[in-house]
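Engineer: Numbering (the numbering used here), first residue to last: 7 to 363.
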Ligand SMILES: [Zn+2]
């Protein structure tokens, strides 16, 4: 008997309706319902179809363990409203797979723990950003690799390769662990801003949730202030002579030209007229193209873990079969690290991780 919950995950991952799913399995909706209630086992032909179209191994469906989904009330979904239910479900199901993977890794490795304290109730988002910078000992300095900074502070970051551009990122607290899921179809700069935006949600909205009207703008304000501290901006850019200045200077903070122009305009360093003309010029480039682009950030923790597993004779394919999750699903959660040319053989020097067992 297969576990109906696990079929449900695969249905959600594929963004299928119940009827569409029944069609894929070659049964009618009622037969599927009877299976879901535990009254009826699926015919072998349907199981074969399930394995073939999903790419999931049979062991995944035979496993009786329940899967834990991100709690929708504790999740910040950026641009939630623009998502279709199927994209949202698929991204949530990716979260459930990430928890399986994360639990395995946590049982094998000692990874950094979160020290994110969330007592920021009466503080403005910009002040909260500066006090977190102070807590993390980075003062007003520009941040090199933002993703690694998050990881060093115990925030688990996974990638999403959902086929929708409407989903930027989401974040949540699971028990006392903060998680960020990032859509890696965005430009490197936008991903970085999305991650900072989610950090804002984790810090500011842990107890209030992020469904209130001002939550999005609070997270944006936090992200701007965290990535581009005002004092540093004003010192580095005393005046803006042209869009070229912005495109040249933005690399310091690892933000998009649009984000830097927006912030400088808000601070009064750019007139309305100039700001508008910069926006028009940048829009001509296209939303998915960034001038003077930075290199995409990737996870250092996952790279170290994969490298160590590989050295222990457990390449990603073996890990996948151990967890009964398709390799492509793990790879899409892990920034595609395992398929990059340089990884995982080229271990970085002295990984600070230590195997627990
Ligand atoms: Zn948001």
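We put the CB at the ideal spot given by N, CA and C, even for glycine.
Quick check on DSSP: helix, strand or coil for residue 341?
Structural biologist: Here residue 341 sits in coil by DSSP.
Engineer: Confirm the yes/no value for this check: CB of residue 224, any heavy atom of ligand 1, distance under 6 Å.
Structural biologist: The answer is no for residue 224.
Engineer: Is the region 139-158 in contact with the region 288-295, if contact means three or more CB pairs nearer than 8 Å?
Structural biologist: Contact between the region 139-158 and the region 288-295 is absent, because fewer than three Cβ pairs lie under 8 Å.
Engineer: Just the C-alpha distance for residue 314 and residue 112, rounded to the nearest angstrom, thanks.
Structural biologist: In a straight line, the C-alpha of residue 314 is about 14 Å away from that of residue 112.
Engineer: Who are the Cβ neighbours of residue 344 in its own chain at under 7 Å, not counting the five residues just before and after it?
Structural biologist: Closer than 7 Å at the Cβ level, and outside the excluded window around residue 344, lie 312, 322, 337 and 350.
Engineer: If contact is defined by three or more beta carbon pairs under 8 Å, each pair taking one atom from either stretch, is the region 169-186 in contact with the region 90-104?
Structural biologist: Output reads yes: the region 169-186 touches the region 90-104.
Engineer: If you reduce the DSSP assignment to three classes, tell me which class residue 70 lands in.
Structural biologist: Three-state result, residue 70: coil.
Engineer: Taking all protein chains shown into account, do 16 or more other C-beta atoms lie within 10 angstroms of the C-beta of residue 227, making it buried, or fewer, making it exposed?
Structural biologist: That one is buried.
Engineer: Tell me whether residue 101 is buried or exposed, calling it buried when 16 or more other Cβ atoms sit within 10 Å of its Cβ.
Structural biologist: The residue is buried, with at least 16 neighbouring Cβ atoms inside 10 Å.
Engineer: Whose CA, out of 230, 300, 214 and 216, lies closest to the CA of residue 253?
Structural biologist: Nearest option by C-alpha distance: 300.
Engineer: Would you kindly report the start and end of the unbroken beta strand (DSSP E) that includes residue 186?
Structural biologist: Per DSSP, residue 186 belongs to the beta strand (DSSP E) from 183-189.
Engineer: What is the rounded straight-line gap between the Cα of residue 162 and the Cα of residue 31?
Structural biologist: Answer to the nearest angstrom: the Cα atoms are 35 Å apart.
Engineer: Within 6 Å: the Cβ of residue 93 and any heavy atom of ligand 1?
Structural biologist: For ligand 1, not one heavy atom lies less than 6 Å from the Cβ of residue 93.
Engineer: Would you decide whether residue 98 is buried or exposed? Buried here means 16 or more other CB atoms lie within 10 Å of its CB.
Structural biologist: Residue 98 is buried by the Cβ-count criterion.
Engineer: Any heavy atom of ligand 1 closer than 6 Å to the beta-carbon of residue 230?
Structural biologist: Result no, Cβ not under 6 Å from ligand 1.
Engineer: Going by DSSP in three states, residue 325 sits in which element: helix, strand or coil?
Structural biologist: Of the three classes helix, strand and coil, the one that applies to residue 325 here is helix, per DSSP.
Engineer: Is the beta carbon of residue 1 less than 7 Å from the beta carbon of residue 233?
Structural biologist: The question about residue 1 has no answer, for the chain in this structure spans 7 to 363.
Engineer: Ends of the beta strand (DSSP E) at residue 62?
Structural biologist: First-last for residue 62: undefined, no H or E at that position.
Engineer: With contact counted as at least three CB pairs below 8 Å, one residue from each stretch, are the region 316-332 and the region 176-193 in contact?
Structural biologist: In short, these stretches do not touch, since the Cβ pair count stays below three.
Engineer: Between which two residues does the alpha helix (DSSP H) containing residue 219 stretch?
Structural biologist: Residue 219 -> no alpha helix (DSSP H), and no H or E assigned at all.
Engineer: Just the Cα atoms here: how many angstroms apart are residue 150 and residue 202?
Structural biologist: Answer to the nearest angstrom: the Cα atoms are 13 Å apart.
Engineer: Does residue 210 pass the burial test, meaning 16 or more other C-beta atoms within 10 Å, or should it be called exposed?
Structural biologist: Per the 10 Å Cβ criterion, buried.
Engineer: Where does residue 76 land, buried or exposed, given buried means 16+ other C-beta within 10 angstroms?
Structural biologist: Buried.
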